[in-house]
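Protein chains in written order, with our numbering: chain A, 1 to 176; chain P, 177 to 863. Glycine included, C-beta positions come from ideal geometry on N, C-alpha and C.
Take a look at the structure:
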């Protein structure tokens with residue numbers, strides 16, 4: 001008897017989005033297993049930085065400005081994550097810092113056990129913030145990838161002279 | 177557990193031996209480079225710190241600068257693959273921004289050699305690429321191989337066709353050019369060469385051929401010599417221009433390429449091929465073959481010409497010799513006659529001298545007649561004759577010619593068919609053969625002249641191109657003389673060839689016989705064995721007009737195939753004849769074993785039972801046909817024996833080689849003859 005797969009519940013296989021997330025998770029997994037988490041993170045850093053550069057260009061154009069302010073940055077980051085099913089919300093915005101919390105990772109449950117993918121968020125946020133504010137320190141305090149129940153990302157604009165902590169990265173505006 | 181430590185970078189590096197460098201964010205100058213880093217970068221000695229990283233690494237289309245710019249903006253490491261400028265070796269570079277205690281930014285970079293994994297990936301990728309390349313190469317090679325095989329096959333066909341061409345054929349050059357053109361797949365081809373001092377189109381082939389007439393003279397100033405002095409391009413241009421002038425219509429000859437043809441090592445002609453020179457190798461091989469063919473044609477033409485000259489020389493020499501003798505007699509006797517012409521007392525002598533002159537003149541006339549006979553241009557006066565009658569009338573003359581030492585027997589077959597020929601010429605031919613037989617038996621011997629009805633079948637005709645199958649009257653002249661070797665037999669009919677001493681033979685006797693028999697539509701054959709004798713058989717076509725003789729006697733008694741049964745032992749010393757007879761017997765249905773000598777036959781007779789022994793009379797070694805037959809009857813009582821011989825039965829018996837009551841089959845025999853005789857002796861009691 002011929003089986004109509006469209007009528008089977010739940011629908012088997014992946015849709016486009018699931019397919020891409022799964023693909024990235026598996027690639028990250030293989031990269032971590034092959035070169036180690038640190039090296040893999042360095043690769044993802046680089047990718048995140050390049051994506052952050054492109055997004056910064058987009059949001060500046062959308063806001064019709066050549067430099068985003070803190071509010072615009074916070075809005076841009078939330079908007080970005082919402083567009084990619086990130087589910088971020090702003091916990092705090094002031095002159096020194098933006099804190100965003102997330103109830104759902106853009107990579108969904110695919111991120112669990114793949115901490116290198118968190119570098120994507122850190123670099124996108126950090127690059128956009130630093131390019132507009134001159135400096136940003138991004139810290140990922142909680143992460144699904146590390147087994148936490150949510151993500152909590154802080155973006156600090158105050159240039160501290162202290163060394164960044166293990167879960168923090170400093171970003172600087174480009175020299176050009 | 178972490179505690180703040182203040183360690184200098186060199187201290188850490190000294191412990192770990194890592195490849196680490198610190199760069200100025202603006203200038204990318206090396207602020208610090210560990211020994212291992214310098215080593216990996218092929219950097220100059222440590223003292224030189226002004227060197228920039230961008231001097232040591234490949235810019236990689238701006239990617240290096242972009243990476244360094246990005247690394248300067250982030251405290252987490254970025255990673256990239258870079259290439260060493262000195263040798264292109266791949267390095268992995270991980271870097272990020274660091275800030276000194278004084279607040280100065282730098283880029284901290286860690287270098288790694290090609291990691292094992294990426295090295296393996298790269299090796300794998302290189303192998304895959306190499307395999308892809310090899311597959312492409314192999315496919316190309318296979319395709320080339322197929323093309324080469326096809327080309328080779330075409331060329332082999334062309335070369336074989338060209339090698340089989342008969343250079344005597346006037347169209348041989350045309351045939352060769354056609355084969356060559358098809359062999360190298362060209363649309364058109366020409367052969368240009370010199371004939372009678374003129375540069376002409378010797379042959380044309382292909383699409384352009386109808387536009388040119390073979391033999392057309394080409395107008396090239398200086399001719400072949402001038403063309404050979406020109407470069408290939410100029411030569412082609414000169415020939416193109418000359419060809420266009422003689423073309424029947426306008427045509428495009430721009431694609432012609434020229435190949436010189438070397439005939440007997442010298443360039444004497446040109447081959448022109450339409451089409452490019454991309455397949456020059458194959459064309460050059462075929463050009464060589466064409467040159468060889470033309471050389472062969474030249475050599476064979478020269479040989480034919482020289483053979484013709486030799487024959488004319490021999491003929492002239494022979495005639496001159498004989499005529500000189502005749503003229504000497506005529507002249508000498510005429511002078512003597514003149515001396516005595518006025519003296520009435522010398523009339524008897526005069527008459528004798530004039531008689532000699534007449535005889536000499538007659539000899540001259542005979543010589544002329546023989547020459548004409550050989551040339552088959554003798555005027556014949558054929559009439560319908562029974563050769564038995566002619567023989568009977570001629571018998572006294574023949575007996576006189578042979579002399580007393582030779583026992584002559586003349587046997588006319590009963591019911592002999594009539595034939596149509598010139599009686600006088602036949603008598604001369606028979607006399608010639610008789611005289612030859614006599615001369616072959618200086619110490620006496622036996623001569624047998626006999627006639628018979630016979631039939632030469634299609635099989636025999638196939639082996640003798642000049643024979644037409646049909647019914648013939650045979651006249652055989654057999655002797656027990658010295659015989660002839662194969663070399664002598666081969667030359668026996670050649671004019672002026674003689675084994676006799678000077679003055680004893682003209683060398684025209686057998687050539688006259690040959691010419692006469694041929695002119696009469698007949699066939700002549702010599703059988704001879706050294707020290708045993710010779711048999712010359714003349715076959716004349718049966719004349720059916722007014723011939724009432726029963727013809728059914730010689731009608732084929734058997735079809736081509738028969739269901740005859742029996743085991744035959746065939747003994748014959750001539751391997752070719754043995755094979756032919758064996759094949760014939762098998763066709764007739766017999767089981768056959770063969771032997772080349774009497775000794776071999778005896779061995780077979782001891783181990784096998786045979787129904788019939790079919791044996792040649794004359795065999796090499798100690799056991800001849802007669803002895804073999806006796807041995808066979810002793811070993812296998814009841815065996816039937818049939819002898820074969822090139823001599824006729826009468827001659828064999830008359831010469832004392834066999835008993836009169838034996839069965840003998842005279843060669844050449846037809847399949848029907850053989851079948852009939854075997855069937856007859858199979859049914860009869862062995863005598």
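Residue i: CB within 7 angstroms of a non-hydrogen atom of the ligand NAD
i: residue 96 of chain A; result: Ligands displayed in this structure: none; no statement on the ligand NAD is therefore possible.
Within-8 angstroms CB hit, residue i to chain P
i: residue 79 of chain A; result: no
i: residue 59 of chain A; result: no
i: residue 169 of chain A; result: yes
i: residue 172 of chain A; result: yes
i: residue 27 of chain A; result: no
i: residue 121 of chain A; result: no
i: residue 31 of chain A; result: no
i: residue 45 of chain A; result: yes
i: residue 126 of chain A; result: yes
i: residue 72 of chain A; result: no
i: residue 130 of chain A; result: yes
i: residue 143 of chain A; result: no
Start-to-end residues for the alpha helix (DSSP H) that takes in residue i
i: residue 7 of chain A; result: Note, residue 7 of chain A: premise wrong, no alpha helix (DSSP H); not H, not E.
i: residue 125 of chain A; result: 118-133
i: residue 34 of chain A; result: 16-35
i: residue 243 of chain P; result: 239-247
i: residue 427 of chain P; result: Run containing residue 427 of chain P: none; DSSP gives neither H nor E here.
i: residue 188 of chain P; result: 185-192
Cβ distance (whole Å) where residue i is taken to contact residue j below 8 angstroms
i: residue 238 of chain P; j: residue 254 of chain P; result: That belief does not hold up - the Cβ atoms of residue 238 of chain P and residue 254 of chain P are roughly 16 angstroms apart, past 8 angstroms.
i: residue 250 of chain P; j: residue 149 of chain A; result: That pair is no contact at about 28 angstroms.
i: residue 804 of chain P; j: residue 747 of chain P; result: 6 angstroms
i: residue 259 of chain P; j: residue 233 of chain P; result: 7 angstroms
i: residue 143 of chain A; j: residue 171 of chain A; result: With a Cβ gap of about 18 angstroms, residue 143 of chain A and residue 171 of chain A do not count as contacting.
i: residue 374 of chain P; j: residue 393 of chain P; result: 5 angstroms
i: residue 464 of chain P; j: residue 343 of chain P; result: The pair is not a contact, with the Cβ atoms about 17 angstroms apart (cut-off 8 angstroms).
Best match in the options for proximity to residue i [C-alpha to C-alpha]
i: residue 656 of chain P; options: P/670, P/634, P/613, P/305; result: P/613
i: residue 369 of chain P; options: P/814, P/360, P/380; result: P/380
i: residue 200 of chain P; options: P/183, P/279, P/189; result: P/279
i: residue 18 of chain A; options: A/76, A/155, A/33, A/109; result: A/109
i: residue 458 of chain P; options: P/357, P/854, P/348, P/600; result: P/357
i: residue 236 of chain P; options: P/261, P/245, P/227; result: P/261
i: residue 100 of chain A; options: A/139, A/59, A/117; result: A/139
i: residue 337 of chain P; options: P/645, P/534, P/462; result: P/462
i: residue 141 of chain A; options: A/102, A/31, A/167; result: A/167
i: residue 819 of chain P; options: P/794, P/194, P/809; result: P/794
i: residue 868 of chain P; options: P/480, P/349, P/440, P/481; result: Within the shown structure, residues of chain P are numbered from 177 to 863, placing residue 868 of chain P beyond reach of any answer.
i: residue 432 of chain P; options: P/426, P/411, P/444, P/445; result: P/411
i: residue 692 of chain P; options: P/473, P/564, P/355, P/602; result: P/602
Short CB-CB distance (under 8 angstroms) between residue i and chain A
i: residue 191 of chain P; result: no
i: residue 226 of chain P; result: no
i: residue 249 of chain P; result: yes
i: residue 270 of chain P; result: yes
i: residue 177 of chain P; result: Its pLDDT being 46, under 50, residue 177 of chain P is placed unreliably by the model, and the measurement read from it follows with that caveat. So, not an interface residue.
i: residue 289 of chain P; result: no
i: residue 255 of chain P; result: yes
i: residue 238 of chain P; result: no
i: residue 212 of chain P; result: no
i: residue 273 of chain P; result: yes
i: residue 203 of chain P; result: no
i: residue 252 of chain P; result: yes
Start-to-end residues for the beta strand (DSSP E) that takes in residue i
i: residue 378 of chain P; result: 374-382
i: residue 650 of chain P; result: 646-655
i: residue 746 of chain P; result: 743-747
i: residue 561 of chain P; result: 558-561
i: residue 167 of chain P; result: Outside the displayed range of chain P (177 to 863) lies residue 167 of chain P, so it cannot be described from this structure.
i: residue 258 of chain P; result: 254-259
i: residue 629 of chain P; result: 621-632
i: residue 170 of chain A; result: 168-172
In chain order, what are the residue ranges of uninterrupted alpha helix (DSSP H) at least 4 long that sit wholly in the stretch 750-796 of chain P?
Runs found: 751-764, 774-783.
Unbroken stretches of the alpha helix (DSSP H), 4 residues or longer, contained in the stretch 291-371 of chain P:
Segments of the alpha helix (DSSP H) lying fully in the stretch 291-371 of chain P: 292-339, 348-359.
Taking the runs of the alpha helix (DSSP H) that are 4 residues or longer, which of them lie wholly in the stretch 34-88 of chain A?
37-62, 70-83
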